[in-house]
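Protein chains in written order, with this note's numbering: chain A, 98 to 178; chain B, 63 to 483.
Here is the structure:
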């Protein structure tokens, strides 16, 4: 029992630490000059994501769930079941 | 760029050099600015295929093609075409052991006559959707986007359009956007009819097609947080008026032991208002160079179908030309306030004595639901400007107080993309 508690504590601590180490650099505001935007211009960093993936996701979740939207206006309605 | 505002000759030269340097860092778009003569040959083509299957219900094949490019130094165009074929069965809304199901004419041409049984209805349909978007740069930091789309099925037609505007800040640290969208949908069974709402199945009158009109407004902002992080926030409002009912869905009228008396057609309110907050952040981890994406959506609804959605992607570069991207999506929605599993009656009551609610639906998509999607995408770069992507996922839904406890689906997606410039 004691061993389980220690393991749980360590796991929570490690998860918390890794979460902090990831989140902390994400919230540091800095002025970024145009020539410092190389990383932000990478394909993998695009906020709108891959258009085919976005379409597939919208199509599946629109058809199967009660809520939709958030990323664009209009959107193609369908009678999908 | 901020440095280009300087007026002296020296500073002007410096700004030109910086502009070229930034262009090389910013990739295609900035390269266009530095090399205007190449504008008219910049085209991106995406071709995709999706196979989606719910083993107990439907199978869908979807073929997608998208092309985007420059029409001039200030105009861009994007075209998309999607073709779906759907076949299988869909939950009718009736109790799973129902013996009375006789919904007819579910979707499209190849309708399985007489409907189905056990709470399922067989169906078969095809769908074609086309959309086009035109973008124009009005001033150096100001752009507009105009789009139109049309989607046609055997029993559903949707037509719509949108107008949007985007303004960058002088240093391009943030972008503000606003957009409005209008759409009109025509809804019916495949014979162009809709059933009388909340009428006993087999004794219902039929009417013509239903119509629904929707207006959406969205305000957005994107912000560069630091050289490894950028974020977006969108606020959307949507109002739809008209026919929201699904003409195929029915509800069992049953007592508390699920002994079914009969079935009635469903009826949803003719107004729906939704308010959506969507946020997303993209970050490159300094230690590994991997890319983390996180998004959260809160959906508020006048039908009380409020929901939370969290999505994450994690892109790991395996080698110079391939990478893998696991993804996870968690979703929870409340039930719509008119959702009901059955219309509950006392044992022995006859239908003429049943008091029906004003609105009711047993569609599981309006029930309380939790869903999880887990999958991965493998990206293989065929060249600096082309890639072949394979994406697989498993999508599981759990329902509360519904005629189905849970169901699952898997999907496989292939995507070929190539840039010509």
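Beta carbons: idealized from backbone N, C-alpha and C, even for Gly.
Residue i - containing alpha helix (DSSP H), residue span
i, result
"residue 161/A", "148-161"
N-terminal and C-terminal residue of the beta strand (DSSP E) that residue i is part of
i, result
"residue 141/A", "First-last for residue 141/A: undefined, no H or E at that position."
"residue 407/B", "No beta strand (DSSP E) contains residue 407/B, which DSSP labels as neither H nor E."
"residue 377/B", "369-381"
"residue 123/B", "120-132"
"residue 148/B", "137-153"
"residue 210/B", "204-215"
"residue 223/B", "218-230"
"residue 366/B", "From DSSP, residue 366/B is part of no beta strand (DSSP E); its letter is neither H nor E."
"residue 387/B", "384-395"
"residue 336/B", "333-346"
"residue 4/B", "The requested residue 4/B does not occur in the structure, where chain B is confined to residues 63 to 483."
"residue 325/B", "322-327"
"residue 157/B", "Counting along the chain, residue 157/B falls outside any beta strand (DSSP E), and DSSP gives it neither H nor E."
"residue 105/B", "105-115"
"residue 314/B", "312-316"
Cβ distance (whole Å) where residue i is taken to contact residue j below 8 Å
i, j, result
"residue 529/B", "residue 326/B", "Lying outside 63 to 483, the shown extent of chain B, residue 529/B is not represented and no answer is given."
"residue 157/B", "residue 404/B", "7 Å"
"residue 377/B", "residue 394/B", "So it is not a contact: roughly 26 Å between Cβ atoms."
"residue 430/B", "residue 463/B", "7 Å"
"residue 283/B", "residue 249/B", "Contact flag wrong, Cβ pair sits at about 35 Å."
"residue 458/B", "residue 468/B", "7 Å"
"residue 162/A", "residue 427/B", "6 Å"
"residue 482/B", "residue 109/B", "Rounded, the Cβ-Cβ distance is 13 Å, inconsistent with contact."
"residue 226/B", "residue 251/B", "At roughly 35 Å, the Cβ-Cβ gap does not stay under 8 Å, so residue 226/B and residue 251/B are not in contact."
"residue 222/B", "residue 245/B", "3 Å"
"residue 369/B", "residue 164/A", "4 Å"
"residue 485/B", "residue 455/B", "Any question about residue 485/B goes unanswered here, given that chain B covers just 63 to 483."
"residue 209/B", "residue 195/B", "4 Å"
"residue 144/A", "residue 342/B", "6 Å"
"residue 34/B", "residue 331/B", "Since the first residue shown for chain B is 63 and the last is 483, residue 34/B is missing from the structure and cannot be characterised."
Exercise for review: Please name the residues in the region 132-153 of chain A whose beta-carbon is closer than 9 Å to at least one beta-carbon of chain B, in chain order.
Suggested key: Within the region 132-153 of chain A, those residues whose Cβ lies closer than 9 Å to any Cβ of chain B are, in chain order, 132, 133, 134, 135, 136, 137, 138, 139, 140, 141, 142, 143, 144, 145, 146, 147, 148, 149, 150, 152, 153.
Check your understanding: Could you give the uninterrupted runs of the alpha helix (DSSP H) lying entirely in the region 414-441 of chain B, keeping only those of 4 residues or more?
Key -> none
Point to revise | Any beta strand (DSSP E) of 3 or more consecutive residues that is wholly inside the region 246-304 of chain B | key: Counting only runs of 3 or more, we get 272-288, 291-304.
Practice item. Identify every run of the beta strand (DSSP E) within the region 436-474 of chain B, keeping only runs that are complete inside it and at least 3 residues long; order them along the chain. Key: 448-462
Check your understanding: Using 8 Å as the threshold, is the region 377-386 of chain B in touch with the region 290-309 of chain B, meaning 3 or more CB pairs across them?
Key -> No, the region 377-386 of chain B is not in contact with the region 290-309 of chain B.
Exercise for review: Scan the region 229-257 of chain B for residues whose Cβ lies nearer than 8 Å to a Cβ of chain A and list them as they occur along the chain.
Suggested key: 233, 234, 235, 241, 242, 243, 244, 245, 247, 249
**Study point:** Residues within the region 407-429 of chain B neighbouring chain A, beta-carbon criterion of under 7 Å
**Key:** 427, 428
Review point. Three or more C-beta pairs closer than 8 Å, one from the region 256-268 of chain B and one from the region 232-244 of chain B: is that the case here?
Key: no
Review point. Do three or more CB pairs link the region 283-290 of chain B to the region 120-137 of chain A at distances below 8 Å?
Key: yes
Check your understanding: What are the residues of the region 324-339 of chain B that lie near chain A, defined by any Cβ-Cβ distance shorter than 9 Å?
Key -> 336, 338, 339
Practice item. Using a Cβ-Cβ cut-off of less than 7 Å, list which residues of the region 283-313 of chain B approach chain A; keep chain order. Key: 284, 286, 287, 288, 289, 290, 291, 292, 294, 296, 298, 300
Review point. Using 8 Å as the Cβ pair cut-off and three pairs as the minimum, do the region 140-153 of chain A and the region 189-208 of chain B touch?
Key: no
Exercise for review: Determine, using beta-carbon pairs with one atom in the region 434-449 of chain B and one in the region 331-349 of chain B, whether at least three such pairs fall under 8 Å.
Suggested key: no
Check your understanding: Going along the chain, which residues of the region 437-470 of chain B sit with their C-beta nearer than 8 Å to a C-beta in chain A?
Key -> 439, 451, 453, 457, 459
Check your understanding: What residues from the region 160-174 of chain A come within 9 Å of chain B, judged by C-beta to C-beta, listed N to C?
Key -> Listed in sequence order: 160, 161, 162, 163, 164, 165, 166, 167, 168, 169, 170, 171, 172, 173, 174.
Check your understanding: Taking Cβ-Cβ distances below 7 Å as the criterion, which residues of the region 376-408 of chain B are in contact with chain A?
Key -> For the region 376-408 of chain B, which is checked against every Cβ of chain A, the residues closer than 7 Å are 377, 393, 395, 398.
Check your understanding: Contact between the region 145-156 of chain B and the region 266-280 of chain B: three or more CB pairs below 8 Å?
Key -> no
Practice item. Can you give me, in chain order, the residues of the region 358-374 of chain B that have a beta carbon less than 7 Å from any beta carbon in chain A? Key: 359, 361, 363, 367, 369
Check your understanding: Would you say the region 132-141 of chain B touches the region 111-119 of chain B, given that touching needs at least three Cβ pairs under 8 Å?
Key -> Counting Cβ pairs under 8 Å, fewer than three are found: no touch.
Check your understanding: In the region 108-125 of chain B, which residues sit with their C-beta less than 8 Å from some C-beta in chain A, listed in chain order?
Key -> 108, 110, 112, 114, 120, 124
Check your understanding: Quick one, which residues of the region 216-230 of chain B are near chain A if we go by CB-CB under 7 Å, in chain order?
Key -> The residues in question are 217, 218, 220, 222, 223, 224.
Review point. When you check each C-beta in the region 341-354 of chain B against every C-beta of chain A, which residues fall closer than 8 Å?
Key: 342, 343, 344, 345, 346, 347, 348, 353, 354
Point to revise | Residues in the region 195-210 of chain B having any Cβ partner in chain A nearer than 8 Å | key: Listed by position, the residues of the region 195-210 of chain B near chain A (Cβ gap below 8 Å) are 209.
Point to revise | Cβ-based contacts, 8 Å cut-off: residues of the region 125-144 of chain B near chain A | key: 126, 128, 142, 144
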